[in-house]
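**Q**
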Amino acid sequence: MLATQLGVQGRVINFSFQLSLVLFADSLRMKFLPSPLLAVVLAATSFAATPAPFNPATDRATLLQGVSEIAATGVPGGVSAFGPQAFAVIAGKDGKKALLPVVAAARWEKGRIVAFGHNGYLGAFADSGTGTLLTNAVRWSAGDKTEPKVGVVGNAGLVTHLKSTGLDAEAVEVKSLKAQLSKFDVIAVDAHKLAAGDVEPLVKFLRGGGGFVTAATGWGWLYGGKDKALLAAEFAGNLVLKNAGLVFTAGTPGKTTSTGYTTGGDLALLNASTALDATLAKTALSADQLTQAGSTLADALRALPPDDKIFLPRLASLNTAGITVDFPRPDKPLAADNALARLIVTQQIEALKQTKPELIRPHPAADSFPGAVPKNAPRLPNQTVSIDTGVPGWQSTGLYAAPGELIRVAVPPALADKGLGVRIGCHTDHLWHLEKWQRAPEISRREPIKAAITAAANPFGGLIYIDVPEKFAPGKTLLAIAGAVESPRYILGQTSLLEWQTKLRNAPAPWAELETKKIILSVPSEKIRQLDDPEALMKFWDQVQDANADLIAIPRDRKRPERIVPDTQISAGYMHSGYPIMTLLDKSVDATVSLEAMKAGTWGHFHELGHNHQQPDWTFDGTTEVTCNLFSLYVMETLCGKPPGQGHDAMKPDAVDKRLRGYLGMSDKFTRWKSDPFLALTMYHQLRTAFGWETYKKVFAEYRDLPKEQRPKNDDEERDQWLVRFSRAAGKNLGPFFEAWGVPTSTAARDSIKSLSEWMPADWPKS
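Reading the sequence shown from the start, the letters are residues 4 to 770 in our numbering.
(1) Pick out the complete beta strand (DSSP E) segments inside the stretch 213-264, 3 residues or longer, and give them in chain order.
(2) Going by C-alpha distance, which of D130, L161, A271 and H195 is nearest A107?
(3) With E361 as the anchor, note down where its alpha helix (DSSP H) starts and where it stops.
(4) From which residue to which residue does the beta strand (DSSP E) around P381 run?
(5) Expressed to the nearest angstrom, what Euclidean distance is found between the alpha-carbon atoms of G248 and S83?
(6) Between the alpha carbons of P415 and D310, how many angstroms are there, rounded?
(7) Look at the Cβ atom of D470, then the Cβ atom of R411, and state whether they are nearer than 7 Å.
(8) Taking just the CA atoms, how far does T266 sit from F372?
(9) Does the distance from the CB of V70 to the CB of T135 come in under 7 Å?
(10) To the nearest angstrom, report how far apart P256 and Q546 are at their CA atoms.
(11) Hey, would you say H616 sits closer than 7 Å to I555, going by beta carbons?
(12) Which same chain residues, not among the five before or five after F238, have their C-beta less than 6 Å away from its C-beta?
(13) Residues bridged to F673 by DSSP?
(14) On a CA-only basis, which of A552, W696 and E176 is nearest P775? Give me that one, please.
(15) Can you give the beta carbon distance from I456 to A413, rounded, assuming they're within the 8 Å contact cut?
(16) What's the C-alpha gap between W762 and F740?
(17) G428: which of V348, P377, A512 and K178 sits nearest, CA to CA?
(18) Which word fits N736, buried or exposed, when buried means at least 16 other C-beta atoms lie within 10 angstroms of its C-beta?
(19) What's the call for R753, buried or exposed, on a 16-neighbour Cβ count within 10 Å?
(20) Find out if the Cβ-Cβ distance for the pair V1, G214 is shorter than 7 Å.
(21) Quick one, are the C-beta atoms of L197 and G160 less than 7 Å apart?
(22) Apart from the five residues on each side of it in sequence, which residues of its chain come closer than 8 Å, Cβ to Cβ, to P204?
(23) Where do the N-terminal and C-terminal ends of the beta strand (DSSP E) with Y493 fall, by residue?
(24) Residue range of the beta strand (DSSP E) that D97 falls in?
(25) Whether or not the stretch 715-734 and the stretch 610-629 are in contact is what I'm after, with contact meaning three or more pairs of Cβ atoms, one per stretch, closer than 8 Å; do they touch?
(26) DSSP beta-bridge partners for W397?
(27) In chain order, what are the residue ranges of uninterrupted alpha helix (DSSP H) at least 4 long that sit wholly in the stretch 177-215?
(28) My guess is that T299 and A338 are in contact by the Cβ rule of under 8 Å, so how many angstroms apart are they, rounded?
(29) Cα separation between A91 and P444?
(30) According to DSSP, is P583 part of a helix, a strand, or is it coil?
(31) Tell me the DSSP bridge mates of W696?
(32) Quick test of your reading: P360 and A458, contact by CB under 8 Å. State the CB separation rounded to the nearest angstrom.
(33) Under DSSP, the alpha helix (DSSP H) around R714 begins and ends at which residues?
(34) Based on the DSSP output, what are the partners of R115 in its beta bridges?
(35) Assuming L209 contacts E112 under a Cβ cut-off of 8 Å, what Cβ separation, rounded to an integer in Å, is found between them?
(36) Can we say the stretch 378-396 touches the stretch 484-494, given the rule of at least three CB pairs closer than 8 Å?
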């Protein structure tokens with residue numbers, strides 16, 4: 004690990020490393036070092052023999068022969084390449100300017116590995132690009148064996164595919180894998196099928212010259228509340244791959260084409276070792292190259308196992324004496340092309356994650372965000388908190404952990420080690436992929452509750468929550484929290500206005516929460532110090548949530564409340580949906596705590612709540628930013644008194660007419676339709692004008708109750724079902740209407756509603 008002189012106690016991070024850098028002898032790596040630094044390193048270093056020369060470009064070309072693109076299977080995860088003979092094969096987007104491997108490979112000792120970032124790729128041979136790549140991967144991993152024997156674990160389809168390409172493939176049961184390894188030259192296996200007992204035999208197999216083709220979805224393995232550190236330290240697939248300098252990561256590489264990933268481009272800087280060399284010689288790189296190097300290094304640091312013996316020792320042996328780095332702040336962001344500084348910040352954050360709560364200290368950056376706790380604020384010795392374990396997600400406590408200060412959570416012994424956790428901080432957005440960091444990229448911390456008493460701390464501080472997993476045994480329980488600071492908290496139906504006005508809104512913590520059973524607002528405390536009537540405000544927010552429930556035809560009583568959290572910087576957009584919904588820390592926060600502003604309508608908040616309610620069955624390609632706005636229109640009309648279809652400037656009649664002018668005469672209307680959310684929303688509003696919201700509710704209820712086998716399975720079926728189900732609910736044939744708009748549907752779908760009378764708006768089509 005990098006050594007920190009000031010640790011978490013200093014705003015400026017001074018890092019000193021040893022002057023011994025293990026360099027690769029090939030010209031690609033050496034060219035990144037300016038001659039003075041190279042001379043110093045060579046003079047001060049006695050390094051081990053370098054591995055046999057290899058050319059990753061040649062290996063990559065062999066793997067990609069006949070492959071120009073592969074499709075995205077589900078949501079692929081990432082693969083980090085950091086070993087001396089590891090390399091990216093195919094990459095996806097990591098932010099706007101950087102890439103992240105989705106397929107990577109490596110040579111190690113006598114063996115070879117190819118790793119795909121989604122286990123679905125081992126069954127994606129119907130996609131010609133992926134099918135060819137799978138075949139190439141098996142042949143390449145076999146090395147110089149021209150007729151390799153391939154063992155395929157639990158995947159009959161892959162056996163058939165490989166046989167069709169002339170390979171000698173045989174099915175193997177995972178339980179007999181260890182016993183049969185010696186009969187194969189190559190093993191192809193979904194890494195999720197592997198157990199701890201398979202690791203050493205596979206490592207031995209690779210050392211002896213075996214080939215290993217595998218796949219895993221790193222982010223998927225983490226589902227269920229697993230800590231990211233466990234992906235590197237415990238996942239069997241990574242325990243095999245790490246020896247070669249590869250690991251599956253929790254990243255999600257974005258598509259580089261409309262359907263998947265192209266195979267073009269120079270991916271040399273997607274190896275962390277190469278990126279480190281390049282970063283040290285940053286004057287030789289462009290800003291975009293430095294951005295890529297920084298992204299690669301940050302991804303590797305967040306993914307490496309703590310016992311890594313390939314890359315982490317290199318970091319510990321570097322010397323960058325005299326480098327000082329200001330931690331990112333809203334007024335002094337850290338740009339992506341400052342790769343070395345971002346590497347240092349990343350290392351410190353990762354080191355803090357591994358630090359025991361008792362050793363955490365306040366981080367000075369917390370003063371800028373999320374904020375300092377007054378020094379004279381009382382630390383409560385033993386505060387009793389009630390939680391309902393039948394409600395999944397974050398259970399608010401009304402308490403705040405000061406930056407770097409230890410709190411202790413006491414739970415009944417029966418609840419220990421059952422999956423509960425204590426979370427400090429509501430700002431869970433990760434900013435690693437952004438071009439500028441305005442705060443530390445990761446500032447929320449979760450500690451699993453494994454014993455009756457759990458210690459927790461966060462160098463940045465934050466609101467305290469008890470994190471309840473899904474399907475936890477329901478029940479009301481009391482627990483105690485010591486060492487925390489009281490935060491302003493209003494609970495609709497429980498907190499009296501007198502108590503709020505005279506005491507609670509003045510609690511000293513820098514963040515507050517306004518809470519109902521349907522929605523919770525986290526806001527800076529300064530925003531509610533003058534709020535006299537949170538009751539009326541939160542009743543209106545409940546009405547918003549009830550309206551959303553009514554439109555989608557679900558019960559008003561919710562499994563858990565939605566959450567809205569503002570942040571100085573968020574991971575995407577001006578606002579984004581999720582749990583919690585994230586917004587920027589600007590005037591939108593003032594609107595959330597103003598009854599007047601809410602009644603006037605705040606489209607952005609209604610839009611993000613709409614995202615959290617929209618369903619994939621009736622949200623086809625081009626409508627992700629459209630069907631969510633049905634909820635915006637509904638709330639604006641029914642609660643805010645806006646005329647039907649109003650509430651956003653883009654939906655004013657003049658704007659709509661201007662947008663429609665000439666649209667129907669376009670040759671490729673659907674492409675334009677999909678690219679303009681408000682153009683598409685106009686079509687949905689026409690249906691509301693003609694058939695009312697009750698028809699929408701009827702259709703949504705029908706979708707809600709569909710058995711699994713009747714749900715649409717692809718985009719074409721989603722459009723067809725939307726046409727047919729809405730037509731039948733409206734009692735009209737909407738086929739001509741869909742055609743006029745250019746929304747494609749099948750002949751079979753249109754024929755199925757021919758018995759209904761055709762309908763078009765009275766003033767439609769427009770010229």
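Note that CB positions come from ideal geometry on N, CA and C, so glycine has one too.
**A** In brief:
(1) Note on the stretch 213-264: whole beta strand (DSSP E) runs with a minimum of 3 residues are 214-218 and 249-252, in chain order.
(2) Restricting attention to D130, L161, A271 and H195, the CA atom closest to the CA of A107 is found in A271.
(3) Taken as a continuous stretch (DSSP letters only), E361 belongs to no alpha helix (DSSP H), as it is neither H nor E.
(4) Boundaries cannot be given for P381, as no beta strand (DSSP E) includes it and DSSP labels it neither H nor E.
(5) Here the alpha carbon of G248 sits roughly 8 Å from the alpha carbon of S83.
(6) Taking C-alpha positions only, P415 is separated from D310 by approximately 35 Å.
(7) No, Cβ-Cβ distance for D470 and R411 is not below 7 Å.
(8) Between F372 and T266, the C-alpha separation is close to 41 Å.
(9) Between V70 and T135, the CB-CB gap stays under 7 Å.
(10) Roughly 38 Å between the two C-alpha positions.
(11) Going by C-beta atoms, H616 is nearer than 7 Å to I555.
(12) Short of 6 Å from the beta carbon of F238, and not among the five residues preceding or following it, lie these beta carbons of its own chain, in chain order: W224.
(13) Looking at the DSSP assignment, F673 forms no beta bridge with any residue, so it has no partner.
(14) A query on residue 775 cannot be resolved here, the shown segment of the chain reaching from 4 to 770 and no further.
(15) About 5 Å separates the Cβ atoms of I456 and A413, confirming a contact at the 8 Å cut-off.
(16) Cα to Cα, W762 sits roughly 7 Å from F740.
(17) Selected option, being the one with the closest Cα: A512.
(18) With 16 or more other Cβ atoms within 10 Å, it is buried.
(19) By the neighbour-count criterion, in which a residue is buried when 16 or more other Cβ atoms sit within 10 angstroms of its Cβ, R753 is buried.
(20) A question about residue 1 goes unanswered here, because the residues of the chain that appear run from 4 up to 770.
(21) In this structure, L197 sits away from G160, with a CB-CB distance that is not shorter than 7 Å.
(22) Excluding positions up to five away in sequence, the list reads L180, K181 and L184.
(23) First-last of the beta strand (DSSP E) with Y493: R492 to I494.
(24) Bounds of the beta strand (DSSP E) holding D97 are A89 to D97.
(25) A contact is defined here as three or more CB-CB pairs under 8 Å, and the stretch 610-629 meets this definition with respect to the stretch 715-734.
(26) Paired residue(s): D470.
(27) Fully enclosed alpha helix (DSSP H) runs of 4 or longer: 180-183 and 199-210.
(28) The pair is not a contact, with the Cβ atoms about 16 Å apart (cut-off 8 Å).
(29) When rounded, the distance between both Cα atoms is 25 Å.
(30) Three-state DSSP puts P583 in coil, outside helix and strand.
(31) Beta-bridge partners assigned by DSSP to W696: none are found.
(32) Contact flag correct, Cβ pair sits at about 4 Å.
(33) R714 -> no alpha helix (DSSP H), and no H or E assigned at all.
(34) Looking at the DSSP assignment, R115 forms a beta bridge with R110 and G214.
(35) Confirmed, Cβ separation roughly 7 Å.
(36) Segments in contact, yes.
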